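Undergrad: Once you've had a glance at the structure underneath, I'll fire off some questions.
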Amino acid sequence: MVPEAEVKDVLDELQRLRARVPLLTGALAASTDGLVVAQDTPGIEAEGVAALTAAALGVSIRMSDATGRGGFRELLIRGENGYIATYAAGRSAVLTLLAEDRINVGRLHLEGRRAGARIGEVVDAAQDHAERPVPPPRPQQSGTLPRRGTTPDPT
Numbered sequence: 001m002v003p004e005a006e007v008k009d010v011l012d013e014l015q016r017l018r019a020r021v022p023l024l025t026g027a028l029a030a031s032t033d034g035l036v037v038a039q040d041t042p043g044i045e046a047e048g049v050a051a052l053t054a055a056a057l058g059v060s061i062r063m064s065d066a067t068g069r070g071g072f073r074e075l076l077i078r079g080e081n082g083y084i085a086t087y088a089a090g091r092s093a094v095l096t097l098l099a100e101d102r103i104n105v106g107r108l109h110l111e112g113r114r115a116g117a118r119i120g121e122v123v124d125a126a127q128d129h130a131e132r133p134v135p136p137p138r139p140q141q142s143g144t145l146p147r148r149g150t151t152p153d154p155t
């Protein structure tokens, strides 16, 4: 999962996004397997939306593969009362936005793509850091150093 410092960075990005796009009613970053990374979704059960996003993502990936359209980038759903937009966010995360029906869809895509790229950078960097092997500890050295011009006694 994502360390707490990076979760704060992702949450800050979600809040800035909601401030820039007033007709957004919620923003959620999740792993591609449906776990919430960070969320700003008042009145919405974030865990359920993250799980449904993962399911929709699976179908979207299969559909883009089957039709030769390349890797997943985004998914837009329009309901009677607004939009749900999901954007790729790096290698292992997605950004899902909830918006009112009156939103400018072009602006939604512009801001969603930018925020998804920034969130992807944060999440990918955190995962890369977590996957790096821990270097072995250095051997303990004696506390004394040889005096200048002398060689240490081998015995």
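The opening position of the sequence shown corresponds to residue 1 in UniProt numbering, with each subsequent residue numbered one higher.
Just so you know, even glycine gets a beta-carbon here, dropped at the ideal spot from N, CA and C.
In this text the structure is predicted, and so the values were computed from the model without any measurement.
1. Strictly by DSSP, which residues pair up with glutamine 39?
2. Report the residue from Ala51, Asn81 and Arg73 whose alpha carbon sits nearest the alpha carbon of arginine 114.
3. What would DSSP say about glycine 48, mapped onto helix, strand or coil?
4. Within its chain, find whatever has a CB closer than 6 Å to the CB of aspartate 124; leave out the 5 residues flanking it on each side and keep chain order.
5. Are the region 18–26 and the region 116–131 touching by the rule of at least three beta carbon pairs closer than 8 Å?
6. With DSSP as the reference, label isoleucine 61 as helix, strand or coil.
7. Given a cut-off of 7 Å on the beta-carbon distance, is the pair glycine 82 and glutamate 100 in contact?
8. What would DSSP say about leucine 98, mapped onto helix, strand or coil?
TA: A quick look at the data gives this:
1. Leu28
2. Shortest Cα-Cα distance from arginine 114 to any of Ala51, Asn81 and Arg73 involves Arg73.
3. helix
4. Gly90 and Arg91
5. no
6. helix
7. yes
8. Leucine 98 sits in a strand when the DSSP states are folded into three classes.
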